[in-house]
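Trainee:
Protein chains in written order, with the numbering used here: chain V, 908 to 1123; chain B, 908 to 1123.
Right, here's the structure in full:
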């Protein structure tokens, strides 16, 4: 069975045939040699998924449905890891598990340089297409952390995270740099949570913490 | 602050000074230029952690304590992903979150070639040392899956995994290949669980599923 491509095509969508961009056309024709008229799914990254056919230079639009975001809304605020491969892993996995928004934390004791925004977005798009999703994660930052009852901070000395899994509504998890937070960097009254009983790297804590909050 | 090395030194341990092997000596002397007499921690990967000092060619043994395995015992049985980087990610993250045993699944519809055992073990050792752990994950396979009430199979159409999070005792999670299980490959009566509400890759499902079962 041929693997059916799933493409992110940002709005605004034209009537009839969707323009998918030169890179996607090249990939579909040169790499996949995808047959004319074969089925393709597409999404705007904002909840709409369509089933169309490959026109050779774009997608003939077909039936389109709106997918609601399922499960809890989870945001991640994380100090960028140093290694590019860990940054990429973090972006891809957060997209896959359905994180709504990934923000790089503005942390004084972090040495990680942020990935270029177009690169981080490309990682997320790749993961969205691979997992056939309908909701593209947004990526921003560096940002600070504000107080809120729905904000959890990963901390090996904190309370068990499971206590917060069934709480309703939106939730954000903050993961600081390996060196910890600088004094006054985050509000004192945020809830600290322990994720598992072992020491986790920044990227692992962020992905696994978000997944626990997203778990069914 | 200098980062203090944490080294896996498999048993049997000599009295006095521990032999750490040529690679570790080279790393400590050439790469880290670690000072003579400076503190080093070490583990046998079986629950013992010691605090010793660097002798220039080994570790002068110091105080040693036994660390009990904390949290639930979780095993992972997973079809090997294709890409080496995903295999490596899987091994490292499972070690980090404290999985006891990682077994490659003997799956007919899996195209992933297993990593060489010495390589997979080296990934786990690296992650153990990085996360300053006391328990080295074992890696084996390919194996089949036997029936058991403590075995969960990742399946997008299954029951919410959270129902099984607070069950006591040991638990194993099985993650099949992207192409699914071949007929009769796993027992029919195993519990199927949905991890999150999005489609996950093999490696993500294994890591995140294990982390949810390990969550505090």
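By construction, the Cβ of each residue, glycine as well, lies at the ideal position given by its N, Cα and C atoms. It should be emphasised that the depicted structure is a prediction, and the values quoted were computed from it without experimental measurement.
Applying the criterion that 16 or more other CB atoms from any shown protein chain within 10 Å of the CB defines a buried residue, is residue 1016 of chain V buried or exposed?
Mentor: Label assigned to residue 1016 of chain V: exposed.
Trainee: Starting from the beta carbon of residue 1121 of chain V, find every residue of chain B whose beta carbon is closer than 9 Å, and list them in chain order.
Mentor: Within chain B, the residues near residue 1121 of chain V are 1102, 1103, 1104, 1105 and 1115.
Trainee: Evaluate contact between the stretch 978–996 of chain B and the stretch 1007–1014 of chain B, counting only Cβ atoms and requiring at least three cross-stretch pairs below 8 Å.
Mentor: Enough Cβ pairs lie closer than 8 Å, so yes.
Trainee: So, does the CB of residue 1072 of chain V fall closer than 9 Å to a CB anywhere in chain B?
Mentor: For residue 1072 of chain V, the answer is yes, since a Cβ of chain B falls inside 9 Å of its Cβ.
Trainee: Would you mind telling me which residues of chain C sit closer than 8 Å to residue 1092 of chain B, beta carbon to beta carbon, in chain order?
Mentor: Of the protein chains in this structure, namely V and B, none is chain C.
Trainee: Specify the secondary structure class of residue 1030 of chain B as computed by DSSP and reduced to three states.
Mentor: Correct three-state label for residue 1030 of chain B: helix.
Trainee: Going along chain B, which residues have a C-beta under 7 Å from residue 1000 of chain V?
Mentor: Within 7 Å Cβ-Cβ: 1111.
Trainee: With a threshold of 16 other CB atoms inside 10 Å of the CB of residue 1005 of chain B, please say whether the residue is buried or exposed.
Mentor: Per the 10 Å Cβ criterion, buried.
Trainee: Between which residues of its own chain and residue 994 of chain B is the CB-CB distance below 7 Å, once the five residues before and five after are set aside?
Mentor: Answer for residue 994 of chain B: 987, 988 and 1022, listed in chain order.
Trainee: Tell me the residue span of the beta strand (DSSP E) that contains residue 985 of chain B.
Mentor: Looking at the DSSP string, the run of the beta strand (DSSP E) that includes residue 985 of chain B is 981–985.
Trainee: Going by CA-CA distance only, name the one from V/977, V/952 and V/1067 that's closest to residue 1076 of chain V.
Mentor: Ranking the options by Cα distance to residue 1076 of chain V, first place goes to V/977.
Trainee: Please report the residue range of the alpha helix (DSSP H) in which residue 1061 of chain B lies.
Mentor: Counting along the chain, residue 1061 of chain B falls outside any alpha helix (DSSP H), though it belongs to the beta strand (DSSP E) covering 1058–1067.
Trainee: Can you find a C-beta in chain B that's less than 9 Å from the C-beta of residue 1024 of chain V?
Mentor: Not one chain B Cβ lies under 9 Å of residue 1024 of chain V.
Trainee: In terms of DSSP beta bridges, what is residue 998 of chain B paired with?
Mentor: In the DSSP output, where bridge partners are listed per residue, residue 998 of chain B has none listed.
Trainee: Indicate the three-state DSSP secondary structure (helix, strand or coil) for residue 1104 of chain V in the structure shown.
Mentor: If DSSP states are grouped into helix, strand and coil, residue 1104 of chain V belongs with coil.
Trainee: Closer than 8 Å by beta-carbon distance: list the chain B residues that pair up with residue 1068 of chain V, in chain order.
Mentor: Those within 8 Å of residue 1068 of chain V in chain B are 1122 and 1123.
Trainee: Does the distance from the C-beta atom of residue 1114 of chain V to that of residue 1026 of chain V stay below 9 Å?
Mentor: Contact flag unset, no.
Trainee: Against chain B, with Cβ distances strictly below 9 Å, would residue 1039 of chain V count as a contact?
Mentor: Yes, residue 1039 of chain V counts as interfacial toward chain B.
Trainee: Between which two residues does the beta strand (DSSP E) harbouring residue 1012 of chain B extend?
Mentor: That run of the beta strand (DSSP E) goes 1008–1012.
Trainee: What number of angstroms, rounded off, separates the C-alpha of residue 965 of chain V from the C-alpha of residue 1121 of chain V?
Mentor: Taking the straight line joining both Cα atoms gives about 35 Å.
Trainee: Please name the residue, chosen from V/1096, V/915 and V/1108, that lies closest to residue 1083 of chain V on a Cα-to-Cα basis.
Mentor: It is V/1108 whose Cα lies nearest to the Cα of residue 1083 of chain V.
Trainee: State the DSSP-derived secondary structure class of residue 1037 of chain B, mapped to helix, strand or coil.
Mentor: DSSP places residue 1037 of chain B in helix when its eight states are reduced to three.
Trainee: Any idea what DSSP makes of residue 1120 of chain V, helix, strand or coil?
Mentor: Helix at residue 1120 of chain V.
Trainee: As an exercise, report each continuous alpha helix (DSSP H) stretch of at least 4 residues that is fully enclosed by the stretch 911–966 of chain V, in chain order.
Mentor: Qualifying alpha helix (DSSP H) stretches, in chain order: 929–933.
Trainee: Any C-beta of chain V within less than 8 Å: which residues of the stretch 961–988 of chain B qualify?
Mentor: So the close ones are 977 and 978.
Trainee: Is residue 992 of chain V helix, strand or coil by DSSP?
Mentor: Residue 992 of chain V: helix per DSSP, three-state reduction.
Trainee: Would the stretch 946–966 of chain B and the stretch 920–934 of chain B be scored as touching if the rule is three or more Cβ pairs under 8 Å?
Mentor: In short, these stretches touch, since the Cβ pair count reaches three.
Trainee: Keeping to the same chain, check which residues put their C-beta closer than 7 Å to that of residue 969 of chain V; ignore five residues upstream and five downstream.
Mentor: Counting only Cβ-Cβ distances below 7 Å, and skipping sequence neighbours, we find 957, 958, 959 and 960.
Trainee: Along the chain, where does the beta strand (DSSP E) that runs through residue 1046 of chain V open and close?
Mentor: Start and end: 1045–1050.
Trainee: When you compare only the Cα positions, how much space is there between residue 942 of chain V and residue 912 of chain V?
Mentor: Between residue 942 of chain V and residue 912 of chain V, the C-alpha separation is close to 12 Å.
Trainee: From the beta carbon of residue 1118 of chain B, is the nearest beta carbon of chain V less than 9 Å away?
Mentor: Yes, because at least one Cβ of chain V sits closer than 9 Å to the Cβ of residue 1118 of chain B.
Trainee: Taking the alpha carbon of residue 1018 of chain B as the point to measure from, which residue in B/1087, B/1067 and B/1093 has its own alpha carbon closest?
Mentor: Among B/1087, B/1067 and B/1093, the Cα nearest to that of residue 1018 of chain B belongs to B/1087.
Trainee: Measure the Cβ-Cβ separation of residue 1101 of chain B and residue 1080 of chain B and say whether it is below 9 Å.
Mentor: Result no, Cβ atoms of residue 1101 of chain B and residue 1080 of chain B do not sit closer than 9 Å.
Trainee: Tell me, please, whether the stretch 933–941 of chain B touches the stretch 1040–1047 of chain V by the rule of three or more beta-carbon pairs shorter than 8 Å.
Mentor: At 8 Å Cβ cutoff, the stretches do not touch.
Trainee: Measure from the C-beta of residue 992 of chain V to each C-beta in chain B and report whether the shortest distance is under 9 Å.
Mentor: Output row for residue 992 of chain V: interface = yes.
Trainee: Could you tell me the boundaries of the beta strand (DSSP E) in which residue 1080 of chain B lies?
Mentor: Where residue 1080 of chain B is concerned, the enclosing beta strand (DSSP E) stretches over 1078–1082.
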